[in-house]
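Single-structure report; data block below.
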Amino acid sequence: MYKSTLLLFALVLTSLVFGQTTYYVESTTDNPADNLSFRYQINQANANPGHDTIRFGAGSATDSIFFDSTIVITEGVTIIGRGQDTTFLVGRDPLTGSGIIQIYNSTPGNFRFFQFHMISASQDSCFGIAQDLGTTGDTLLFERVEFTRLQFAVFIDAAQNTVILNDFCKFSNNLYALNCQVNLEYLKVNECLFTGQRGAGAYIQSNYFEVTNNIFENQAANPGMASVVIVDPVSPGGISRFVNNTVQDGNEVGLLLYDANSNMSNIAIHNNIIYGNSYDFRQDNNTGSALYSKNIIGTTDPSSQTFPIFYSNADPMLSISELTSASITAIDSADATYAPLTDYFGLGIVGSGRDIGAIEYLSPCSLLSANFSVTDATCYSAGTGAITTSVSGGTAPYTYQWSNSGAFNETTQDLSNIWAGDYFIYIQDNAGCNFYDTVTVGQATQIVIDSASIVITPTGCGNSDGAISGLSVSGGNPPYSYNWFNGGPSLTSTIDISGVPAGTGYLFRVIDANSCPVFSNLFTIPSNDSLISLNLNTANANCNASFSGSAYVNPSGGALPYSYTWSNGATSDSIINLSAGNYWVFVNDANGCQSQAEYFTIQDSSAIQIATAVTPATCGSNDGSIVSTVLGGTLPYFYSWSQAGLSGSSAQNLYTGYYQLTITDANGCSNFTNVFVPASGISISASPTSPSCDGSNDGAIDITVNPAGSYTYLWSNGATTEDASNLYEGFYTVTVSNGSCSVTDSFSIDAPDALQIIHTTSNATGCTSADGMIAVTAFGGSPAYSYELFDENSSLGAGPTFANLVPGPYMAVAVDANGCSDTATISLSGISGGATPLTAGVTNITPSACLSSNPADPGNGSALVTANGGTAPYAYYWTKYWNQSGSGLGSGTVFSTTNQPINLSSGAYVVEVRDANNCSIYVNTTIPGANLAPQEICMVTVQQDFNNNQQNVVVWEKNAGLGIDFYEIWRMEANGMWQYRDSVQFASLSQYVDYGTDPNATYYTYQLRTVDQCGNLSIYTANHATIQLSLDTLNMTPATGPNNTDGSITMQWNQYGGSLSLTEYGVRRIIVESGVTVADAIIATVPFLANNPVYNYTDNTMPGDNGQRSVFYQIQAVFPSSCLATKAQDYNGTRSNRSAGIFNGGYPASLDESDLNYFAVYPNPSNGKFTIETSQAGGTITVIDLFGKIVKELEMNQAKIKVDLSELNNGTYFIRYNGNQALETKKVIILNN
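Each position in the sequence shown, counted from 1, maps to that position plus 905 in this note's numbering.
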């Protein structure tokens, strides 16, 4: 008994601890498609490798599952029902297959069956559990399983397996109960009841068996059969035992022994009562005798080939003292009166020390039971339930194993703080007896907040008159209490809320009589401001660089009518004729409420891109060529060259010089490029040096020109040296000339990716604990990296991991191999020891205007920090570390000690929230700068200096009310990327001269961005592009004579980019003879067209060549209003580049006044006496006549001097100022001298 108890206990623990998956049967159907049904779970277990468990859920009082076909089990499995009286597996009639469950496995496994009842719908129509197709090495365990009306209850036809029936299994009214058709390796039948079988109770074949403590009664055995049939083992594994059983009232033989293998002497028949059968005992085919001891056997079949050692016709109900046989008396001379047979199953046992028959062995385990007191969950989906367990019977002490459908696992007698649901209990006493049950903890009614009828009343503009009403509550346990929150203490204790400001974080809480809380979702109370929403529709430009974009805004919400404000000054609901650029719009309603600004960008359409390959021309020869490649736009392309006779995508037989190619696509969109064919014999090679850090200007380009010689250089950044230095990342162009030939090349230099530092933290475990941790990692830049951490006072050493840190602010520094660095401000907090952890967050951030350049000075930004947890009250410290560097956090300025400061300047802050226990949490936040308004470009133009060189000029008008500190000028490079050019201080002249350009080569596009003294940036302005003019000199028709004006030449220029206020372009012609300007006039006008990127004009009145004449052309456009650069003359229009001169009459002494304004001369005209004023002393003044002769030179020894030119004749003169890095020429007129 002790050995079998340990085996049983080990098997049960294995099923509980080592099961792979537990499936729960909740449905009484037999539908494989129902994932709650028994058959579905068997299929899942068969498919899932490993030993699985199938357990019946709570179900109803009685669960019956009907089967129309056999269920096949192919892997080891545990099946646990709710009890013999509650879980029924019923085989229908007819049943497809041999039985309800068929074990058919190819690999050894454990099969365990607990607490259910198998029954056939009609008598003897099917098997119960059969294993006739399995393998060897299996273990089948049955506990508290009942079998009724089956043909074979348990049918075993797989040899060398182990079968165990234990703990009150019951077989009733079956044809055959237990049938071992083949020789088992081990069989155990213990504490089971066999009653009313019509064939045999047990048919036993096993090398080793233990049949103990069972009752076999009323077996109507078939003729030749018996209540119990035992066949001697083939290969005995020891002395098998038939011990402590009661076999009675069968209509055939009670115990039949069949000697088939001559091993009957390996069977012990001991302590049994066999009585009241037709014949109580018989042994057939005798070749040996079993081991008999202490049995009461009533009769022996005369045909028996052997007799037990003793038997008696005595009635076992009689006292043993009434048995006269000495041998019988010797069985148990000390025994008391036996219990009546009619009560042996009712457990009405009297006396002690009984050891004959099965009566006394049924009582210890069958008496083990438990009762449960259940406390249902008081709150829905909360762990407030409990189970109290009371155990009776069995042998103390007891062990407990609780589980559920999840990961729950507990070994205490009672359970508390558990969730609603089913809990499976397995109890074992000290004698190895087991008890199983399922206990259900009920669920509380859910508290439901119904918002279907909610009414949210928005606030007026800036008012606190918002409200929420219409919520309803049900479920739980009334009465209820209510609260509303918005990031702080309770706002009200009513179900409705009113008189509150707009916001996004309103939270409603309900608590019922059981103190169960439920929270709503967050509600938002909008304001009339936010109720105005904008639906913006935009259309990009049809053609690249055209004025064909548009935008339309459709507002909703607020109060009609609306008013509109666009960034370009428009006031309707739509704007048209837009070029590519950035724009914005906002809308006001009739109440004065304003929408958020909607920013948008008008994009150029797919640009026509032209790439060219150039073959240089030999100086003086026409052996150059250009081959073009076109991308973008819409096929097919049409090619137009500036020289007559050229067509298609390539041009041949070209002299050195500029050529213009215009591409027009199928949509009529055009683009052109100016291509320079250089002279052969000059080549440029370069060795670029990248900047060391992202944003650094220590890059360089070292060029080598072959052949060696005397050259001039012009870089796109304005440099005139052979090599370019102090360069940022970008695209650079250089033109190299030797007087007769020139060549242009472009180079790019790249900087490393920006160095960036990221971090992870682990807060300290206490308010002052030194166990916090910071780990930092860098990427970008140039590996390898070094790390250092600083607190407010000093360095804490090298990283990347820093441990043993106390709560507070820190700064981490990463440095790469090039010495580039990045910093990060990091805060560590201490975990509060209070009931709830201290937490804090920053919201309601308002940007600050730039009120001072000193970052330690206050601003007008604001924010709100909200603290929770810890121990109130809280203290607040807003600290700004404003001069951080690679050596520490820098100076810390405490800006405020309130939770909602209004004096914050822009920048990064560390907010410390300290509770009453001096425990702090730190929050990093940033106050942004208020958006800086952009300063739009007024115009871009091309100027000529005194040396007949040309430069682009960007002009804007100052606006003193924007808080601008300086301007950034950006230029689009040939590769299509924007590149920073320079900055101009607000106090300086509001123009920028770009010396790094060749206006004859192409047009240039510019943007402007403003920066205030706090470093806040505006958006970029709309693009402005210069006008670039080219002449078709190859197809020029000369005049018929030197004094005739019937020559013709065609010219082409691009659209000015950036203004739709132009109405026309003027074609300006300048005629110079022997260096003197003899004519300067607008000879024609061409109307401005918004969507026309290219213009053409033919001058049919060009004069002839007299040997001393030059003809120049220029395009001018006049704006409706002038553009004023502060302290300078008005710019009333824009000019293109000046074309190259036609014929060889030379240049005038000065073709044009400079558009620069580095000095002023007045009065003008005068009688020869002028005042000249500059910004500072220094430089020279040169006076030149119309023939280019210098007539006077003066020193500017003061910023303001007087000049007397009255000795000169009346006429026009030029005054050239050269000083302070400025070169400028102005025209003066002397009259009435």
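All C-beta atoms, glycine included, are put in the ideal place defined by N, C-alpha and C.
Residue 1543 versus residue 1658 - alpha carbon distance: Position 638 of the sequence shown, counting from 1, holds the residue named residue 1543. Position 753 of the sequence shown, counting from 1, holds the residue named residue 1658. Approximately 42 Å between the Cα atoms of the pair.
Which listed residue (1496, 1159, 1624, 1820) has its alpha carbon closest to that of residue 1466: By 1-based counting over the sequence shown, the position of residue 1466 is 561. Per the Cα distances, 1496.
Own chain residues within Cβ distance below 6 Å of residue 1670, not counting five before or after: Stepping through the sequence shown from its first residue, residue 1670 is reached at position 765. Cβ neighbours of residue 1670 beyond the five flanking positions: 1676, 1736.
Residue 1754 in three-state terms, based on DSSP: On the sequence shown, residue 1754 is found 849 positions in, with the first residue counted as 1. Three-state result, residue 1754: coil.
Reference residue 1772, options 1828, 1760, 1724, closest by Cα: To locate residue 1772, count along the sequence shown from 1; it is residue 867. Per the Cα distances, 1828.
Option in 2066, 1844, 2101 with minimal Cα separation from residue 2082: Numbered from its first residue, the sequence shown carries residue 2082 at position 1177. For the residues 2066, 1844, 2101, the minimum Cα distance to residue 2082 belongs to 2101.
Residues of its chain near residue 1300, where Cβ-Cβ distance is below 7 Å and the 5 sequence neighbours each way are ignored: Position 395 of the sequence shown, counted from the first residue, corresponds to residue 1300. Excluding positions up to five away in sequence, the list reads 1269, 1334, 1335, 1336.
Residue burial classification, residue 2078 (beta-carbon count within 10 angstroms, cutoff 16): Walking along the sequence shown from the start, residue 2078 turns up at place 1173. Classification for residue 2078: exposed.
Candidates 1987, 1368, 1156, of which the one nearest residue 1181 by Cα: Position 276 of the sequence shown holds residue 1181. The shortest C-alpha separation from residue 1181 is found at 1156.
Local Cβ density within 10 Å of residue 973, reported as buried at 16 or more and exposed below that: Indexing the sequence shown from 1 puts residue 973 at position 68. That one is exposed.
Whole-number beta carbon distance between residue 1516 and residue 1494, since they are thought to touch under 8 Å: Residue 1494 sits at position 589 when you count from the first residue of the sequence shown. Residue 1516 sits at position 611 when you count from the first residue of the sequence shown. No, residue 1494 and residue 1516 are not in contact; Cβ-Cβ is about 52 Å, not under 8 Å.
Identity of the residues DSSP links to residue 2121 by a beta bridge: Your numbering for residue 2121 matches position 1216 in the sequence shown. According to DSSP, residue 2121 bridges with 2087, 2130.
Chain-order list of residues whose beta-carbon lies under 7 Å from that of residue 1864 (same chain, five-residue window excluded): Numbered from 1 along the sequence shown, position 959 holds the residue referred to as residue 1864. Cβ neighbours of residue 1864 beyond the five flanking positions: 1840.
Sheet register partners of residue 1132 (DSSP bridge): Counting from one through the sequence shown, the residue named residue 1132 turns up at place 227. Per DSSP, none; premise fails for residue 1132.
Cut-off 6 Å between Cβ atoms - residues of its own chain near residue 1296, not counting five sequence neighbours on either side: Here residue 1296 refers to the residue found at position 391 of the sequence shown. Correct list, in chain order: 1275, 1303.
At least 3 beta-carbon pairs within less than 8 Å: the region 1119-1135 vs the region 1095-1109: yes
Inter-residue spacing [alpha-carbon to alpha-carbon] between residue 1481 and residue 1507: Residue 1481 sits at position 576 when you count from the first residue of the sequence shown. Residue 1507 sits at position 602 when you count from the first residue of the sequence shown. One C-alpha to the other measures close to 11 Å.
As assigned by DSSP and simplified to three states, the class of residue 1240: Sequence index remark: in the sequence shown, residue 1240 carries index 335 (1-based). Caution applies to residue 1240, whose pLDDT of 35 falls short of 50 and renders its modelled position unreliable; the value that the coordinates give is listed next. Coil, per DSSP.
Three or more C-beta pairs below 8 Å linking the region 1969-1988 and the region 1907-1920: no
Secondary structure of residue 1400, DSSP reduced to three states: Your numbering for residue 1400 matches position 495 in the sequence shown. Coil, per DSSP.
Own chain, CB closer than 7 Å to residue 1947, minus 5 neighbours either side, in chain order: Translated into the one-based positions of the sequence shown, residue 1947 becomes position 1042. If we look at residue 1947 and ignore the five residues flanking it on each side, its Cβ neighbours are 2009, 2010, 2011.
Coil, strand or helix - residue 2147 by DSSP: One cannot answer for residue 2147 here, as it falls past the ends of the chain, which runs 906 to 2138.
3-residue-minimum beta strand (DSSP E) runs that sit fully inside the region 1325-1355, ordered along the chain: 1326-1333, 1339-1346, 1353-1355
Residues near residue 984 in its chain [Cβ-Cβ closer than 6 Å; skip 5 each side]: Mapped onto the sequence shown, residue 984 falls at position 79. Excluding positions up to five away in sequence, the list reads 959, 1018.
Residue 1533 versus residue 1552 - alpha carbon distance: Position 628 of the sequence shown, counted from the first residue, corresponds to residue 1533. Position 647 of the sequence shown, counted from the first residue, corresponds to residue 1552. For residue 1533 and residue 1552, the distance between alpha carbons rounds to 11 Å.
N- and C-terminal bounds of the alpha helix (DSSP H) containing residue 946: Numbered from its first residue, the sequence shown carries residue 946 at position 41. Here the alpha helix (DSSP H) through residue 946 covers 943-952.
Buried or exposed by the 16-neighbour rule on C-beta atoms within 10 Å, applied to residue 1810: The count along the sequence shown starts at 1 and reaches residue 1810 at position 905. It is buried - the Cβ of residue 1810 has at least 16 other Cβ atoms within 10 Å.
Three or more C-beta pairs below 8 Å linking the region 1803-1818 and the region 1989-2009: no
Residue 1172 and residue 1195 closer than 8 Å at C-beta: On the sequence shown, residue 1172 is found 267 positions in, with the first residue counted as 1. On the sequence shown, residue 1195 is found 290 positions in, with the first residue counted as 1. Yes, Cβ-Cβ distance for residue 1172 and residue 1195 is below 8 Å.
Residue burial classification, residue 2136 (beta-carbon count within 10 angstroms, cutoff 16): The residue you call residue 2136 lines up with position 1231 of the sequence shown. Classification of residue 2136: exposed, given that the 10 Å Cβ count is below 16.
Assigned exposure category for residue 1314 - 16 Cβ within 10 Å defines buried: For this step, residue 1314 is matched to residue 409 along the sequence shown. Classification for residue 1314: exposed.
Assigned exposure category for residue 2131 - 16 Cβ within 10 Å defines buried: Residue numbering aside, residue 2131 sits at position 1226 when the sequence shown is read from its first letter. Under this definition residue 2131 is a buried residue.
Beta-carbon proximity of residue 1929 to residue 1952, cut-off 8 Å: Numbered from 1 along the sequence shown, position 1024 holds the residue referred to as residue 1929. Numbered from 1 along the sequence shown, position 1047 holds the residue referred to as residue 1952. In this structure, residue 1952 does not lie closer than 8 Å to residue 1929 by Cβ.
Uninterrupted alpha helix (DSSP H) stretches inside the region 1625-1688 (no shorter than 4 residues): none
Contact set for residue 1028: own chain, Cβ-Cβ below 7 Å, skip 5 residues either direction: For the purposes of this step, residue 1028 is taken as the residue at position 123 of the sequence shown. Result list for residue 1028: 1054, in chain order.
CB of residue 1031 within 8 Å of CB of residue 1000, strictly: For the purposes of this step, residue 1031 is identified with residue 126 of the sequence shown, where counting begins at 1. For the purposes of this step, residue 1000 is identified with residue 95 of the sequence shown, where counting begins at 1. In contact: residue 1031 and residue 1000 (Cβ atoms closer than 8 Å).
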